[in-house]
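>
Protein chains: 2
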Amino acid sequence: MSGEDNLLKLVEVEEPEEHDYLLQEQVGFILRKAHQRHVSIFAAHIGDLTPPQFAALAKLRDVGETSQNQLGTLIAMDAATVKGVIDRLKARGLVELSKHEIDKRRLLVNLTAEGRDAIERLIPLAREITRETLAPLSAKEIATFMKLLAKLA
Amino acid sequence: MSGEDNLLKLVEVEEPEEHDYLLQEQVGFILRKAHQRHVSIFAAHIGDLTPPQFAALAKLRDVGETSQNQLGTLIAMDAATVKGVIDRLKARGLVELSKHEIDKRRLLVNLTAEGRDAIERLIPLAREITRETLAPLSAKEIATFMKLLAKLA
DNA sequence: GGAAATTCATTCGTATGCAAATGATATCAA
DNA sequence: TTGATATCATTTGCATACGAATGAATTTCC
């Protein structure tokens, strides 16, 4: 029997190993791919603005003038990231910056007229981006998915 | 009546506008936040490796030696991105590179002994990362969510 | 009132992520 | 066989993303 055992062992060593951890089944990996797909769909519809830049404009439309930091909180960006986004929007004339009269630490951000025009014009495209991103799901699946996704975010 | 109409109009102008497009309800925005949360959980458990770096090691464990490009396809990274990831793993001695004997375009990537030790050591932590990322959901919700997320990715 | 803690913004360094251009090699097809 | 195509890898440029450090201004609290 020991001869057979050795033979089996030799064969097994050459076999591919069993892996019970599969990268492609992990939430993090699939979440990253789903996000990538969304960004790609976004870029196909809105080529001259990134999703973070769009988020900044859309949120400014909602809340009006706010501090750069507060805006970052609202759109889930840390201070370093939001600064870059706002800098680029400012360079394109879509937002304007001013100093807070009372609290001298704060940098106020607001839409320019051009920025307001831009975001109003882009919102219909953004609706289509959302629709296309969710296109693989039925209406009922969308409702379920959004509820669960919100719990994870 | 025209007097009343004017009064109403004046009041309405001062009211905050109704916005039927809400950024915080859009898939793309929540997807980005969910991904951010996952990366944060990942970093709390595995501080010295990023999710993409981990993905490269985990996939190399699965498939063994492959070309850099093929690896990129397997872990959803474009050629430019995967190069940077592999360069950093190589600099840390976790992967080794060699030239394909027949096809001289290809750069083969493989785990080093150290890289194999590292990924085996990290996989239990990765299981915990997955568990913690999905912690807000029940077992049944996890099954539903993963099925729907996979459809979107 | 004043020291300590907090908040806001900036800067630096590192790491994805992707489009576009380039060069080397391989494959396909006339 | 050779000319057109396609593939693999690299490089450059731009845009997030975030930790950590810094400085200025404000708030807290004793």
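Each protein sequence line maps, in turn, to chains F and B. Okay, so the first sequence: first residue is 0 according to numbering that gives the first Met the number 0, each after it adds one. Okay, so the second sequence: first residue is 0 according to numbering that gives the first Met the number 0, each after it adds one. C-beta atoms are modelled at their ideal positions from N, C-alpha and C, and glycine is treated no differently.
Check each residue of the region 89–119 of chain F: if its Cβ is closer than 7 Å to any Cβ of chain B, include it; give the result in chain order.
The region 89–119 of chain F vs chain B, Cβ under 7 Å: nothing.
> Residue 147 of chain B: which of F/136, F/151, F/58 sits nearest, CA to CA?
Here the closest residue by C-alpha is F/136.
> Check residue 139 of chain F in the structure and name its three-state DSSP category.
In this structure, residue 139 of chain F counts as helix in the three-state DSSP scheme.
> Of all the residues that make up the region 27–39 of chain F, which are near chain B by a beta-carbon distance shorter than 7 Å?
Cβ contacts with chain B: 27, 28, 29, 30, 31, 32, 33, 34, 35, 36, 37.
> Which residues in chain F have a C-beta closer than 8 Å to the C-beta of residue 126 of chain B? List them in chain order.
Ordered by position in chain F, the residues that pass the 8 Å Cβ test against residue 126 of chain B are 20.
> What is the DSSP secondary structure of residue 119 of chain B, reduced to helix, strand or coil?
Helix.
> Measure the alpha-carbon distance for residue 103 of chain F versus residue 57 of chain B and round it to whole angstroms.
Rounded to the nearest angstrom, the two C-alpha atoms are 49 Å apart.
> Can you pull the chain F neighbours of residue 61 of chain B, defined as C-beta to C-beta under 8 Å?
Ordered by position in chain F, the residues that pass the 8 Å Cβ test against residue 61 of chain B are 18, 21, 22.
> Within a Cβ cutoff of 7 Å, which residues of the same chain sit near residue 92 of chain F, ignoring the five residues on either side of it in sequence?
Answer for residue 92 of chain F: 111, 113, listed in chain order.
> So for residue 153 of chain F, helix, strand or coil by DSSP?
Given a span of 0 to 152 for chain F in the structure shown, any question on residue 153 of chain F remains unanswerable.
> Among the candidates B/22, B/18, B/17, whose CA atom is the shortest distance from the CA of residue 128 of chain F?
The option with the nearest alpha carbon to residue 128 of chain F is B/22.
> Do residue 26 of chain B and residue 96 of chain F have their C-beta atoms closer together than 7 Å?
In this structure, residue 96 of chain F does not lie closer than 7 Å to residue 26 of chain B by Cβ.
> Answer with yes or no whether the minimum CB distance from residue 122 of chain B to chain F is below 7 Å.
Yes, residue 122 of chain B counts as interfacial toward chain F.
> Let me see if you follow: with CB-CB separation under 7 Å, is residue 48 of chain B close to chain F or not?
So, not an interface residue.
> Report the three-state DSSP secondary structure of residue 150 of chain B (helix, strand or coil).
The answer is helix: DSSP assigns residue 150 of chain B an H, G or I state.
> Hey, how far is the Cα of residue 161 of chain F from the Cα of residue 142 of chain F?
The requested residue 161 of chain F does not occur in the structure, where chain F is confined to residues 0 to 152.
> Going by beta carbon distance, what residues of the same chain come within less than 6 Å of residue 0 of chain F, once the five residues before and after it are set aside?
For residue 0 of chain F, the predicted structure reports a pLDDT of 46, less than 50, and the residue's modelled location is therefore unreliable. A value from the coordinates is still provided. Correct list: empty, nothing qualifies.
> So is the beta-carbon of residue 40 of chain B under 6 Å away from any non-hydrogen atom of the ligand COA?
The ligand COA is not part of this structure, which contains no ligands at all.
> Check whether the Cβ of residue 144 of chain B lies closer than 7 Å to any Cβ atom in chain F.
Taking Cβ atoms only, chain F reaches closer than 7 Å to residue 144 of chain B, which makes this a yes.
> Identify the continuous alpha helix (DSSP H) that holds residue 103 of chain F and give its terminal residues.
It is not in any alpha helix (DSSP H) - residue 103 of chain F carries neither H nor E in the DSSP assignment.
> Measure the CB-CB distance between residue 84 of chain F and residue 43 of chain F and report whether it falls below 7 Å.
Their beta carbons are not under 7 Å apart, which means residue 84 of chain F does not touch residue 43 of chain F by this criterion.
> Is the Cβ of residue 150 of chain B closer than 7 Å to any Cβ of chain F?
Closer than 7 Å: yes.
> I want to verify the contact list: residues of chain F whose CB lies under 9 Å from the CB of residue 132 of chain B, in sequence order.
Simply 25, 26, 27, 30, 151.
> Give me the Cα-Cα distance between residue 150 of chain F and residue 30 of chain B, rounded to the nearest whole angstrom.
The alpha-carbon atoms of residue 150 of chain F and residue 30 of chain B are separated by roughly 11 Å.
> Rounded to a whole number of angstroms, what is the C-alpha to C-alpha distance between residue 75 of chain F and residue 66 of chain B?
Their backbone Cα atoms lie some 37 Å apart in a straight line.
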